[in-house]
Amino acid sequence: MMPMPVAIARETDLRAFVERHQRGLQRWLRALGCAADAAEEHCQDALLAALQHGIDARPVPVAASWLRTTARNLFWARLRQQRREPPVVAIEPLEVAWQAVRGDDDGGAAALAALRECLAAAEPRDRELVQARYADGAPRRAMAARFGVGEPAIKQALRRARARLLACVEHKLGGGR
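For the sequence shown, this note's numbering gives the first residue as -18, with consecutive numbering after it.
Here is the structure:
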């Protein structure tokens, strides 16, 4: 078997690096409150910076951490440029939770698959609440009218549904209590 030319091997490695980190990095930015289009842009910028600095040659957890920090800083710099304050986020607890639930090896695919399974197995009311709030983007006021309860009841029902889903996902990922 003939060895692969260096340029082609490097291109394959770069493609694998981008595929490994891109989706997870976009999810990280979205978790920080970044809009979808801006998340895609900051993700691309962070990946390009990583390649320019040779981060692609580092172990996956090191590269993923570097990418998250770089993308977050790009996002916050854009907010400051627009004269908007970056969100006040306690990064350390978010980073710990991100690592526990998502990990760096699969770009969040296992957690997403677990969430889909948990949603499919959830109580119908929980599924309906999650669908209305997160998929349809319904405000709590509209949900309260739809379900015939007050806004505080919707807030509490969503909190409980999220807690049950989180417990289910953690259990499926092997981090169950």
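No residue lacks a Cβ here, since even glycine has one placed at the ideal position from N, Cα and C.
Hey, could you find the ends of the alpha helix (DSSP H) residue i is sitting in?
{"i": "Ala90", "result": "90 to 102"}
{"i": "Leu13", "result": "Note, Leu13: premise wrong, no alpha helix (DSSP H); not H, not E."}
{"i": "Pro42", "result": "41 to 62"}
{"i": "Val163", "result": "For residue 163 there is no data in the structure shown, the boundaries of the chain being -18 and 158."}
Between the options, which has its C-alpha nearest residue i's C-alpha?
{"i": "His152", "options": "Phe128, Ala119, Ala91", "result": "Ala91"}
{"i": "Gln25", "options": "Arg106, Gln7, Leu110", "result": "Gln7"}
{"i": "Trp9", "options": "Arg49, Val43, Leu29", "result": "Arg49"}
{"i": "Leu60", "options": "Pro120, Leu13, Arg143", "result": "Leu13"}
{"i": "Arg11", "options": "Phe56, Pro120, Asp(-6)", "result": "Phe56"}
{"i": "Gln33", "options": "Val(-1), Leu110, Pro105", "result": "Val(-1)"}
{"i": "Ala103", "options": "Arg143, Ile135, Pro133", "result": "Arg143"}
{"i": "Ala20", "options": "Asp117, Thr51, Ala116", "result": "Thr51"}
{"i": "Phe128", "options": "Ala116, Glu109, Asp18", "result": "Glu109"}
{"i": "Ala148", "options": "Glu98, Arg65, Gln62", "result": "Glu98"}
Consult DSSP for residue i and reduce its assignment to one of helix, strand or coil.
{"i": "Gly157", "result": "Here Gly157 scores only 49 on pLDDT, less than 50, and its place in the model is too uncertain to base an answer on."}
{"i": "Asp117", "result": "coil"}
{"i": "Pro(-14)", "result": "Confidence in Pro(-14) is poor, its pLDDT being 42 and thus under 50, which makes the residue's placement too unreliable to answer from."}
{"i": "His23", "result": "helix"}
{"i": "Val150", "result": "helix"}
{"i": "Arg140", "result": "helix"}
{"i": "Val130", "result": "coil"}
{"i": "His34", "result": "coil"}
{"i": "Arg4", "result": "helix"}
{"i": "Arg(-4)", "result": "helix"}
{"i": "Arg122", "result": "helix"}
{"i": "Arg65", "result": "coil"}
Taking the Cβ atom as the reference point for each residue, do residue i and residue j lie within a distance shorter than 8 Å?
{"i": "Val150", "j": "Ala95", "result": "yes"}
{"i": "Leu146", "j": "Leu100", "result": "yes"}
{"i": "Ala58", "j": "Trp47", "result": "no"}
{"i": "Gly131", "j": "Ala138", "result": "no"}
{"i": "Leu29", "j": "Gln3", "result": "no"}
{"i": "Arg(-4)", "j": "Val41", "result": "no"}
{"i": "Asp107", "j": "Asp37", "result": "no"}
{"i": "Lys136", "j": "Arg122", "result": "no"}
{"i": "Gly5", "j": "Ala44", "result": "no"}
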